[in-house]
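Residue numbers (this note's numbering), protein chains in the order written: chain C, 2 to 185; chain U, 67 to 230.
Every residue gets a Cβ at the ideal spot worked out from N, C-alpha and C, and that includes glycine.
Please read all numbers here as calculations on a predicted model, not as lab measurements.
Let me begin by presenting the structure, written as structure tokens, before commenting on it.
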């Protein structure tokens, strides 16, 4: 497992040179608190994000919870919720580390083959991941949808900077895209 | 590669939980110390060749017998290899400054070090002398800030201890 710093070291070591691009790491350090806020925003809303993503996936494809569907009976629905939480957790780790290696090594490696063997439909899984991607962006920007959340609207209220952490939103989105790419 | 962040993630993963507040506090602590480390890494990277050269010269000066025929610093090839070894240690120290832990020195420098030097019949005392020279050569604020120098010296001490 690597983080942004050890990634720089490993790639410098490949050419037996010193780490030259210190400025990129200084930028990582300078925006460190924003990154921690972003991780906190996802971690604090994780269970809500997971259940909403799975519920959204099922709303769009009711067949999943009818007899013979992949979220029927409760035992398989529970497995689905658990998997969504695991994927979100590894994305959160990757965001904290600033590097995708933990996500690749510990979550995505062999996931597609496992799902194929278990008969889990890829398109539905991808849809749930897409919903979590949108939710994560909204939570990092601290702009959850008032129209959709209704009475359950919950804001982190952390002081939001001018660009609403655009680079972190892009980074988190790239990790979700990585999950989608690994599954399809 | 072990660092504060990867250690935090590994333990959170072992427990199957999201990063907790105390996990984030640990990472924040590491980030707050990072400025000094990165300053030292930047200064060392900019002057690595000279630092290594001075350290090498100092150890040959203390142990001139190494230049005798058959000794470790006798031929041009051997001299180049000695110089390269010192540079490797300084480079690993720079990596440790970047990572914020002793992972690179542990994994790429210290693991197997004793066995290699024994197999090649190399004395470790000259390495200790070279690294000790570098350890005592740095000066704040001439070379870097005091905090950066502390981080740098601590890693050199770590490397010296591994050799003695």
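Proximity winner among the options, relative to residue i (alpha-carbon distances)
i	options	result
residue 89 (chain U)	C:174, C:122, C:94 and C:99	C:94
residue 97 (chain U)	U:85, U:70 and U:114	U:70
residue 106 (chain C)	C:183, C:21, C:73 and C:44	C:183
residue 133 (chain C)	C:20, C:92 and C:75	C:92
residue 197 (chain U)	U:103, U:156 and U:132	U:156
residue 57 (chain C)	C:18, C:142 and C:150	C:150
residue 220 (chain U)	U:187, U:73 and U:102	U:102
residue 179 (chain C)	C:136, C:115 and C:88	C:88
residue 68 (chain U)	C:47, C:39 and C:103	C:103
residue 178 (chain U)	U:130, U:86, U:228 and U:205	U:228
residue 21 (chain C)	U:182, U:224, U:126 and U:164	U:164
residue 125 (chain C)	C:175, C:85, C:45 and C:23	C:85
residue 84 (chain U)	C:18, C:65 and C:97	C:97
residue 18 (chain C)	U:161, U:137 and U:217	U:161
residue 183 (chain U)	U:138, U:133, U:110 and U:95	U:138
residue 120 (chain C)	C:72, C:79 and C:82	C:72
residue 113 (chain U)	U:223, U:204 and U:226	U:204
residue 26 (chain C)	C:15, C:42 and C:99	C:99
residue 115 (chain C)	C:28, C:156, C:48 and C:185	C:185
residue 176 (chain U)	U:77, U:82, U:140 and U:222	U:222
residue 76 (chain U)	C:165, C:129 and C:90	C:90
residue 94 (chain U)	C:29, C:47 and C:33	C:33
residue 2 (chain C)	C:118, C:130, C:108 and C:75	C:108
residue 214 (chain U)	U:91, U:108 and U:92	U:108
residue 131 (chain C)	C:24, C:101, C:53 and C:80	C:53
residue 62 (chain C)	C:127, C:50, C:152 and C:113	C:127
8 angstroms Cβ cutoff, residue i in contact with chain U
i	result
residue 21 (chain C)	yes
residue 27 (chain C)	yes
residue 107 (chain C)	yes
residue 159 (chain C)	no
residue 128 (chain C)	no
residue 2 (chain C)	yes
residue 33 (chain C)	yes
residue 93 (chain C)	yes
residue 167 (chain C)	no
residue 112 (chain C)	no
residue 206 (chain C)	Outside the modelled stretch of chain C, which goes from 2 to 185, sits residue 206 (chain C), for which no answer is possible.
residue 177 (chain C)	no
residue 143 (chain C)	no
residue 14 (chain C)	yes
residue 104 (chain C)	no
residue 47 (chain C)	yes
residue 51 (chain C)	no
Integer Cβ distance of residue i from residue j, believed to fall under 8 angstroms
i	j	result
residue 100 (chain U)	residue 169 (chain U)	Their Cβ separation, rounded to whole angstroms, is 15 angstroms, which puts residue 100 (chain U) and residue 169 (chain U) out of contact at 8 angstroms.
residue 169 (chain C)	residue 36 (chain C)	6 angstroms
residue 106 (chain U)	residue 210 (chain U)	6 angstroms
residue 72 (chain U)	residue 7 (chain C)	7 angstroms
residue 46 (chain C)	residue 165 (chain C)	Wrong, their Cβ atoms sit about 16 angstroms apart, outside the cutoff.
residue 171 (chain U)	residue 158 (chain U)	5 angstroms
residue 110 (chain U)	residue 30 (chain C)	Between residue 30 (chain C) and residue 110 (chain U) the Cβ distance is about 17 angstroms, and since that is not below 8 angstroms, they are no contact.
8 angstroms Cβ cutoff, residue i in contact with chain C
i	result
residue 168 (chain U)	no
residue 117 (chain U)	no
residue 72 (chain U)	yes
residue 106 (chain U)	no
residue 100 (chain U)	yes
residue 69 (chain U)	yes
residue 90 (chain U)	yes
residue 179 (chain U)	no
residue 176 (chain U)	no
residue 126 (chain U)	no
residue 84 (chain U)	yes
residue 152 (chain U)	no
residue 114 (chain U)	yes
residue 131 (chain U)	no
residue 157 (chain U)	yes
residue 226 (chain U)	no
When the Cβ atoms of the segment 141 to 155 of chain U are set against those of the segment 188 to 203 of chain U, are three or more pairs found closer than 8 angstroms? Counting Cβ pairs under 8 angstroms, three or more are found: they touch.
Kindly confirm or deny that the segment 199 to 208 of chain U and the segment 106 to 126 of chain U touch, where touching means at least three C-beta pairs closer than 8 angstroms. Taking 8 angstroms as the limit for Cβ pairs, the verdict is that the segment 106 to 126 of chain U does touch the segment 199 to 208 of chain U.
Using a beta-carbon distance cut-off of less than 7 angstroms, what residues from the segment 59 to 91 of chain C approach chain D? Of the protein chains in the structure, C and U, none is chain D.
For the structure I just gave you, are there three or more beta carbon pairs, one from the segment 126 to 145 of chain C and one from the segment 158 to 177 of chain C, closer than 8 angstroms? Counting Cβ pairs under 8 angstroms, three or more are found: they touch.
Check whether the segment 25 to 42 of chain C and the segment 150 to 164 of chain C touch, using three or more Cβ-Cβ pairs below 8 angstroms as the test. In this structure the segment 25 to 42 of chain C touches the segment 150 to 164 of chain C; the number of beta carbon pairs closer than 8 angstroms is three or more.
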